[in-house]
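S.K.: The structure follows.
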Amino acid sequence: MKSNTRCILMATFLAGAPGFAQPAANLSTDDRNAIQALVTQYAQALSGCRAAEFADLFVPETGYFASGFRGRMAGRERLIALVESERQCVAPAAKAGTTRTGGASGPTVALEVTASGVRGIASLGTTEYQDEYAKTPQGWRFAARTVITGAEKAAGLDARDMLAIQHLGGAKLGDHYEADQNGVQRLMTSGIKIGVAGNQVTGRVYLKDGGYNDEVYEKLGPGEWRVKSSTPAPEGAR
């Protein structure tokens, strides 16, 4: 089907402008230690396939994990499904203990205080976590954790951009499941699966009706994107 190349949508996400960043010295030593412990607990829960424990590390209801491949996984149910679909968690028992990049102790996080809250970057080499944290009655939790690869950074993407692209999909976004090696349907992507090829940013937009659109995006400015083209899935594709 011929691609629709009209300018369709534009999204802006302005929270957390870098100009408002302040040194993390405003955080107490106890707070900084608690956030580092949170990062360690994340690594341990994920590598150990402890899905419920992993979900409890995020702000209830609104906390989310995001990456290009996974889309935006928001809420406890999706966060649990995220871990349950991880390769090492559906592999044969002999391989189930595989430790992910960053190790069981997790990477060291560099913190900053911004006008919108506490943020952090945890480097895994060419890939990094870009985090937002919130202090809840149960302690510090992830408000958002976004994985940014080296290729995504080179294409001009950061956590704010990834969220802005997800916002382009609006209420029509759905979840995408695939069968694992045992034939069990697992949640693989929620919303838009974002990809990069050089400087081009694309997305497969999974819809609530089971279909999808393939889109190309254009960056207009920091946290500002529009849909440059959108091609519906072929007839009958799901």
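Residues in the sequence shown are numbered consecutively from 5, following our numbering.
The C-beta atom is built at its ideal place from N, Cα and C for all residues, glycine as well.
Keep in mind it's a predicted model, so treat the numbers as computed, not measured.
Alpha carbon to alpha carbon, what distance is there between ASP213 and PRO238?
M.R.: Cα to Cα, the separation comes out at about 14 Å.
S.K.: Using a 10 Å radius around the Cβ and a threshold of 16 neighbouring Cβ atoms, would you call SER71 buried or exposed?
M.R.: Per the 10 Å Cβ criterion, buried.
S.K.: Decide if GLY75 is buried, meaning its Cβ has at least 16 other Cβ atoms within 10 Å, or exposed.
M.R.: Its Cβ being crowded by 16 or more others within 10 Å, GLY75 is buried.
S.K.: Taking C-beta to C-beta, are VAL151 and VAL43 nearer than 8 Å?
M.R.: Contact: no.
S.K.: Could you tell me the alpha carbon to alpha carbon distance between LYS157 and ASP165, rounded to whole angstroms?
M.R.: Each residue's Cα considered, the two are about 10 Å apart.
S.K.: Taking its Cβ as the centre, do 16 or more other Cβ atoms sit within 10 Å of VAL188, making it buried, or is it exposed?
M.R.: Counting Cβ neighbours within 10 Å, VAL188 comes out exposed, since fewer than 16 surround it.
S.K.: Assuming PRO111 and ALA126 are in contact, meaning their beta carbons sit under 8 Å apart, how far apart are those beta carbons, in whole angstroms?
M.R.: Indeed, because the Cβ distance is near 4 Å, the residues count as touching under 8 Å.
S.K.: Does the distance from the CB of GLN134 to the CB of ALA159 come in under 8 Å?
M.R.: Not closer than 8 Å, so no.
S.K.: My assumption, with CB atoms under 8 Å, is that LEU191 sits in contact with ASP179. Please give the rounded CB distance.
M.R.: Sure, about 6 Å apart at Cβ, within 8 Å.
S.K.: Would you report the Cα separation of ASP35 and PRO64, rounded to the nearest angstrom?
M.R.: If I take the Cα positions, the gap works out to 19 Å.
S.K.: Helix, strand or coil for PHE62, going by three-state DSSP, please let me know.
M.R.: If DSSP states are grouped into helix, strand and coil, PHE62 belongs with the strands.
S.K.: For the region 91-156, list the beta strand (DSSP E) runs that are entirely contained and at least 3 residues long, ordered along the chain.
M.R.: Here the runs fully enclosed are 113-118, 121-127, 132-140, 143-152.
S.K.: State the beta-bridge partners of THR206 as determined by DSSP.
M.R.: According to DSSP, which records beta bridges pairwise, THR206 is partnered with GLY199, VAL220.
S.K.: If we call anything under 8 Å between Cβ atoms a contact, is GLY202 one with ILE169?
M.R.: Contact flag unset, no.
S.K.: Does LEU31 come out as helix, strand or coil in the three-state DSSP assignment?
M.R.: Reduced to three states, the DSSP call for LEU31 is coil.
S.K.: Would you list the residues sitting across from GLU182 in a DSSP beta bridge?
M.R.: According to DSSP, GLU182 bridges with ARG190.
S.K.: Alpha carbons only, please: which of HIS171, ARG91, GLN48, ALA148 is nearest the one belonging to LYS197?
M.R.: If we check each option's Cα against that of LYS197, HIS171 comes out closest.
S.K.: Within 10 angstroms of its Cβ, does GLU219 collect 16 or more other Cβ (buried), or is it exposed?
M.R.: Its Cβ being crowded by 16 or more others within 10 Å, GLU219 is buried.
S.K.: Taking all protein chains shown into account, do 16 or more other C-beta atoms lie within 10 angstroms of the C-beta of LEU83, making it buried, or fewer, making it exposed?
M.R.: The residue is buried, with at least 16 neighbouring Cβ atoms inside 10 Å.
S.K.: Quick one: is MET149 buried, meaning 16 or more other Cβ sit within 10 Å of its Cβ, or exposed?
M.R.: Reading off the sequence, residue 149 comes out as Arg, not Met. By the neighbour-count rule (16 or more Cβ atoms within 10 Å), ARG149 is buried.
S.K.: In the DSSP output, what is TYR46 paired with across the bridge?
M.R.: Partner(s): none; TYR46 has no beta bridge.
S.K.: Could you say which of SER120, LEU115, GLY52, PHE58 lies nearest to GLN92 if we only look at CA atoms?
M.R.: When only C-alpha atoms are compared, the closest one is GLY52.
S.K.: Just the Cα atoms here: how many angstroms apart are GLU182 and ASN217?
M.R.: So the alpha carbons of these two residues sit roughly 17 Å apart.
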